Structures are given as C-alpha cells and as structure tokens.
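Novice:
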Amino acid sequence: MNREKLMKMAGAVRTGGKGSMRRKKKAVHKTTTTDDKRLQSTLKRIGVNAIPAIEEVNIFKDDVVIQFINPKVQASIAANTWVVSGSPQTKKLQDILPSIISHLGPDNLDNLKKLAEQFQKQSPGAGAGGATAPEDDDDEVPELVAGETFEAAAEEKDKKEESQAS
28 MNREKLMKMA GAVRTGGKGS MRRKKKAVHK TTTTDDKRLQ STLKRIGVNA IPAIEEVNIF
88 KDDVVIQFIN PKVQASIAAN TWVVSGSPQT KKLQDILPSI ISHLGPDNLD NLKKLAEQFQ
148 KQSPGAGAGG ATAPEDDDDE VPELVAGETF EAAAEEKDKK EESQAS
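The sequence shown begins at 28 in this note's numbering and counts up one residue at a time.
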C-alpha cells in the first residue's frame with residue numbers, strides 16, 4: 028500500500044508544463060576545455076612542436092625558482108615561443124641550489140653573488156658568537172689528561188660510590 032501511495036503522489040507532482048513560469052535566465056556553463064582548445068588552436072597556428080624527454084624545467088625569478096617536474100614542453104623557434112605546461116612548484120633558490128648548480132648560466136651570476144653575500148653576512152655573525160661560546164659551553168668534550176684512560180676513571184668513580192654507600 029505504501030508503494031501505491033508513493034506512486035500516486037509522484038504522479039501528482041508536476042514541474043514545468045502548461046501554465047508554469049518561464050526561466051528568467053539561461054544558465055551558461057563555461058568549461059575550461061574551451062579555453063584549452065582555443066589555446067591549442069592558437070599554438071598550432073604558430074607552428075609549435077612538442078619536445079619530448081624533458082624531465083625538469085626551472086624558471087628563475089629573483090630569489091624564487093618556479094620548478095616543473097616532467098612537464099609538457101612545446102616550442103616554436105621561429106616565433107620565439109616556448110610553452111611549458113604542468114604542475115608548478117615555487118621554491119627558494121637556496122633550497123634547490125645544490126641540485127641545479129650545473130643548470131645555472133651567466134644570467135644567474137648576479138643571483139649567486141647575492142646569495143654568497145647573504146651567506147657571508149650570516150657566517151661572520153655566527154663566527155663572532157662562536158668565539159665567546161666555547162668558554163661558556165658545557166657540551167664540549169674535555170681533553171684527556173696524560174696517563175689516564177676512561178676505564179681507570181670509571182673504576183675510581185665506582186670505588187668512590189661504594190665507599191660512600193658503606
């Protein structure tokens with residue numbers, strides 16, 4: 028009986044049809060595929076060719092590097108156009124410097140000089156602090172006295188503890 032009642036109620040519900048109001052505005056669904064298609068057609072018109080087997084692309088901007096790993100790279104040398112598509116990661120130059128030092132060219136010498144100056148500014152401050160720190164620092168390993176070994180010192184300590192305990 029519940030099923031019959033539900034079917035009867037479903038038939039009575041009416042959306043649209045004769046006498047209903049018109050939609051005021053048509054919903055426009057813009058997808059990103061249209062933008063992508065438009066971009067691809069423009070690139071095809073320029074004459075862009077895909078460049079295979081590129082593992083990494085780094086774009087240097089001041090102290091920041093935009094890094095693409097396994098990107099899709101397309102180029103048109105005649106139009107002086109390069110297209111790098113993929114997921115970018117923004118990193119500081121100091122963080123990835125050891126791994127990309129071989130990639131750097133003459134354009135980035137200024138950035139390297141700036142980095143070297145920053146490191147030099149940081150290291151003298153650490154060196155001045157390091158001159159006073161050894162006097163007050165308890166973390167240093169004491170020097171061994173001539174003729175003494177760790178075993179002998181440990182035995183003396185055990186004898187002192189036994190004599191105090193008794």
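Cβ atoms here follow ideal geometry from the backbone N, Cα and C, with glycine treated the same way.
Please read these numbers as outputs of a predicted model, since none were measured by experiment.
Residue range of the beta strand (DSSP E) that Ser126 falls in?
Specialist: Sequence index remark: in the sequence shown, residue 126 carries index 99 (1-based). Segment 120-127 is the alpha helix (DSSP H) holding Ser126; no beta strand (DSSP E) there.
Novice: May I ask you to report which of helix, strand or coil DSSP gives Asn29?
Specialist: Reading the sequence shown from its first residue, position 2 is the one you call residue 29. Asn29 falls in the helix class under three-state DSSP.
Novice: Among the candidates Thr108, Ser190, Asn97, whose CA atom is the shortest distance from the CA of Asn85?
Specialist: One-based indexing of the sequence shown puts residue 85 at position 58. Closest in alpha carbon position to Asn85, among Thr108, Ser190, Asn97, is Asn97.
Novice: So, helix, strand or coil for Thr60, using DSSP?
Specialist: Looking up residue 60 in the sequence shown gives position 33. Helix at Thr60.
Novice: If you reduce the DSSP assignment to three classes, tell me which class Pro133 lands in.
Specialist: Along the sequence shown, one-based indexing puts residue 133 at 106. DSSP places Pro133 in helix when its eight states are reduced to three.
Novice: Do Gly74 and Ala37 have their CB atoms nearer than 8 Å?
Specialist: Walking along the sequence shown from the start, residue 74 turns up at place 47. Walking along the sequence shown from the start, residue 37 turns up at place 10. Their beta carbons are not under 8 Å apart, which means Gly74 does not touch Ala37 by this criterion.
Novice: Which term fits Phe177, buried or exposed, when burial requires 16 or more other beta carbons within 10 angstroms of its beta carbon?
Specialist: Taking the first residue of the sequence shown as position 1, residue 177 is located at position 150. Exposed.
Novice: Tell me the DSSP secondary structure of Ala105 in three-state form.
Specialist: Residue numbering aside, residue 105 sits at position 78 when the sequence shown is read from its first letter. The answer is coil: DSSP assigns Ala105 none of H, G, I, E or B.
Novice: Hey, how far is the Cα of Thr60 from the Cα of Lys45?
Specialist: Your numbering for residue 60 matches position 33 in the sequence shown. Your numbering for residue 45 matches position 18 in the sequence shown. Going from the Cα of Thr60 to the Cα of Lys45 covers about 37 Å.
Novice: Hey, would you say Gln94 sits closer than 8 Å to Pro79, going by beta carbons?
Specialist: Counting from one through the sequence shown, the residue named residue 94 turns up at place 67. Counting from one through the sequence shown, the residue named residue 79 turns up at place 52. Contact: no.
Novice: Around the C-beta of Leu120, are 16 or more other C-beta atoms found within 10 angstroms, so that it is buried, or is it exposed?
Specialist: Counting from one through the sequence shown, the residue named residue 120 turns up at place 93. Per the 10 Å Cβ criterion, buried.
Novice: Is DSSP giving Lys71 helix, strand or coil here?
Specialist: For the purposes of this step, residue 71 is taken as the residue at position 44 of the sequence shown. Looking at Lys71 - three-state DSSP - the assignment turns out to be helix.
Novice: Can you give the beta carbon distance from Val110 to Leu70, rounded, assuming they're within the 8 Å contact cut?
Specialist: By one-based count along the sequence shown, residue 110 stands at place 83. By one-based count along the sequence shown, residue 70 stands at place 43. 6 Å between Cβ atoms; contact.
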